[in-house]
Structure formats: structure tokens, C-alpha cells
Ligand SMILES: NC(=O)c1ccc[n+]([C@@H]2O[C@H](COP(=O)([O-])OP(=O)(O)OC[C@H]3O[C@@H](n4cnc5c(N)ncnc54)[C@H](O)[C@@H]3O)[C@@H](O)[C@H]2O)c1
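In my numbering, the protein residues as written are 5 to 341.
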């Protein structure tokens, strides 16, 4: 049987193929496609029982209907987050869905810190300058992190890994979550109301999933509470931040640095080469004009370790589907026979 994978990145393909070959030495073939799954491309899944998707594929009800009509029965999402999949529609259409509930949280936590350090110490500007043989330090001054306050929004696996690093820097730890993490408490984290976290933190890092009640968690009100010279980093999901409110805040000269690995409207842009096109997303274009904003293209998870684990777990999820098993990665079990 041929299994089709959408939105496969160049560096991801060998790892996915390796995991696939190990599990299905003969019997199934993997077809990796560079393009993403959406309403235009959904018909290309026709005849494929198993479809592999990723964060920037669109699996809304109309797309899922095309898949189901074409014979698809199982969707294996190659990520932890699944806000791009309409699970209710999938269940109604008899499509089973699995995701990768665990892979190296260090990949994302370490990248979030990469953004923090880069914006705090003005690394982008510094690197551009030295390339131009301009060795001045004007405008490159950062701040020590030791003794400053970090606000960790979401202290699950990634938030906890981020907190351990913050502890290593000697920072005061504030957290906000619906459930307190004993590991973070043991590091000295104080759980506080969200408003207090925004008001007291010198650095806010987001690690909650995107859900209806976390949508625009960083809105105009939250941004107004933040210190003028605070740093904001989002390596979770773009929809957590109200981009218009963030632009307004930056225009007012507030916040000393912002690191964004994710963006509300990233689907159809991130992971793609748009360098030869006119940038039609005015908000993204405006974000890029601020020298204290660093945007990366949803690459926090992109380490060899994490992508290898995602590939292995995705293949295990497909094996479970063929064996009729459900487990911790199952979001929608196969319909009862
Ligand atoms: N940029 C990337 O490459 C990348 C990669 C992987 C994950 N992520 C994002 O990171 C997020 C966190 O991943 P994780 O592995 O730490 O997940 P996790 O499930 O271990 O942790 C999520 C935390 O958020 C908390 N939470 C859930 N709903 C909440 C709510 N409504 N209000 C407040 N807190 C809530 C949970 O209690 C939990 O502690 C994912 O949902 C995903 O969006 C991004």
C-alpha cells in the first residue's frame, strides 16, 4: 500500500523514510510530497488509506470530507499540536486521527532560549554589522538575565524544560498554568495569576497549547500590563498572540525585544520560499520592520533528535492503526466495527 505524506521538509524526508523502512520492510511504500494539504491539494490524497499531515496542513471539515470520499481512513499528524485538524468532523466522517504526543521538549525549550538570548543581546543586528565590517557596539546593549524575573506561561513538558534553563541562569521564576508542575515548584517557581505574571516579568515565554480559551492570551490588555522593556517570546502557536495588539505595542516603542517562532497566519507562508514574491501579508511585513523583533519559521522543534522521534512515533501510530490498537497518541479512534 502507498502511504502519502504532505508538507515533508527536505531534511525531514530521510528520517521519515528511515523509520518507515525499518517498520515496513516490505508491504507499504511512503510517498513524500513537498506541498501542503489544503482544499486545493486534498484530491491528490485520493486512494490513500493513510495520510500523514503536519502543523501547516489544513484539515478542516471540507478537506476531511474530500479525504474520506477518496478512501482515507487514518490521519497521522507529525506533531504534538493538532489545532489544524477538525477532530469533530474527522470523527463524524469515520477518520481515525493520531498525533505525536511526546518528543524532545528540549528542542523547543532550547530554541525559545535561543530567541531570548538573540533578542536580548541584539545578535541579528550584530551579525549584520560585522558582515559589513562595522564593528561598533552602538545600540547593541542587552541586560543580564541573572536576578531578573521570567514568566513561564504553560509549565508542561516544554515549559518545564524552559524553566530548568531559566533556573540555571539564576532567574526568579513565575508560572501560570491550569495545573501546577511539581518539578517547577521544586525549582522555586511561584504560580501567580496571569495578570501578575505579565506585570512582573522581564521575560515572558509562551508554552500553552492553542485552545479556544488560550486564543489571543497575549492581547492588548496583557501587553499593556507588561514592562516597557520586557521581552516576549512565542514558540508555541501564533494564535496565542493578538498580532494587531503586538504591532500597536511595538509602534508605541514598547517591549525591548520580541522573538516569534510562530505567527497567527503562518500557514501558506512558513516553510516556503516566498523571497521572489510580493509579501501580501501586511502584518508580517510590518513585524519584520522592527529591529527588535526576530521572526523564525516554526523551527523550534527542528533538531535531528526531535524530528527522528516524530518519524518513529508516526510510524508506530500507523502500525497501531493497522493492528486496531488505540493509545496515548490517539485523538480519534477508528470507528467501532
Ligand atoms: N514551535 C514549535 O516547533 C513547537 C513544537 C512543539 C510544540 N509546540 C507548542 O508547544 C505547546 C506545549 O507543548 P508541551 O509538549 O509542553 O505540552 P504539554 O501538554 O506538556 O503542556 C501544556 C501545558 O499547558 C497547560 N494548559 C493546557 N491548557 C491550558 C489552558 N487552557 N490554560 C492554561 N494552561 C493550559 C497544561 O496544563 C500543560 O501544563 C504545544 O501545544 C504546541 O502548541 C511548538
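Each residue gets a CB set at the ideal place from its N, CA and C atoms; glycine is no exception.
Close Cβ partners of residue i (< 7 Å) along its chain, the five nearest in sequence each way excluded
| i | result |
| --- | --- |
| residue 205 | 153, 154, 155, 178 and 234 |
| residue 108 | 307, 309, 310 and 313 |
| residue 6 | 33, 35 and 52 |
| residue 70 | 46 and 47 |
| residue 199 | 229 |
| residue 19 | 311, 312 and 315 |
| residue 197 | none |
| residue 13 | 275 |
Residue environment, residue i, which counts as buried when at least 16 other CB atoms sit within 10 Å
| i | result |
| --- | --- |
| residue 94 | buried |
| residue 166 | buried |
| residue 122 | buried |
| residue 50 | exposed |
| residue 270 | buried |
| residue 286 | exposed |
| residue 316 | buried |
| residue 137 | exposed |
| residue 26 | exposed |
| residue 65 | exposed |
| residue 82 | buried |
| residue 319 | buried |
| residue 345 | Beyond the ends of the chain as shown, which are 5 and 341, falls residue 345; an answer cannot be given. |
| residue 101 | buried |
| residue 98 | exposed |
| residue 92 | exposed |
| residue 10 | buried |
| residue 106 | exposed |
| residue 262 | buried |
| residue 218 | buried |
| residue 283 | exposed |
| residue 29 | exposed |
heavy atom of ligand 1 below 8 Å from residue i C-beta
| i | result |
| --- | --- |
| residue 211 | yes |
| residue 274 | no |
| residue 83 | yes |
| residue 190 | no |
| residue 363 | For the chain, the structure presents residues 5 to 341; residue 363 sits outside this window and is missing. |
| residue 240 | yes |
| residue 295 | no |
| residue 182 | yes |
| residue 110 | no |
| residue 318 | no |
| residue 162 | yes |
| residue 202 | no |
| residue 302 | yes |
| residue 328 | no |
| residue 158 | yes |
| residue 137 | no |
| residue 267 | no |
| residue 227 | no |
| residue 217 | yes |
| residue 214 | yes |
| residue 195 | no |
| residue 333 | no |
Inter-residue CB distance, residue i and residue j (contact presumed, cutoff 8 Å)
| i | j | result |
| --- | --- | --- |
| residue 337 | residue 330 | 4 Å |
| residue 333 | residue 59 | That pair is no contact at about 16 Å. |
| residue 115 | residue 239 | 6 Å |
| residue 325 | residue 54 | 7 Å |
| residue 241 | residue 214 | 4 Å |
| residue 168 | residue 191 | 7 Å |
Other residues of its chain near residue i: CB distance less than 6 Å, five sequence neighbours each side excluded
| i | result |
| --- | --- |
| residue 159 | 179, 181, 185 and 188 |
| residue 343 | Because residue 343 is not part of the residues shown, which for the chain are 5 to 341, the question remains open. |
| residue 254 | 294 |
| residue 194 | 178 |
| residue 126 | 144 |
| residue 221 | 244 |
| residue 208 | 155 and 236 |
| residue 268 | 242, 243 and 247 |
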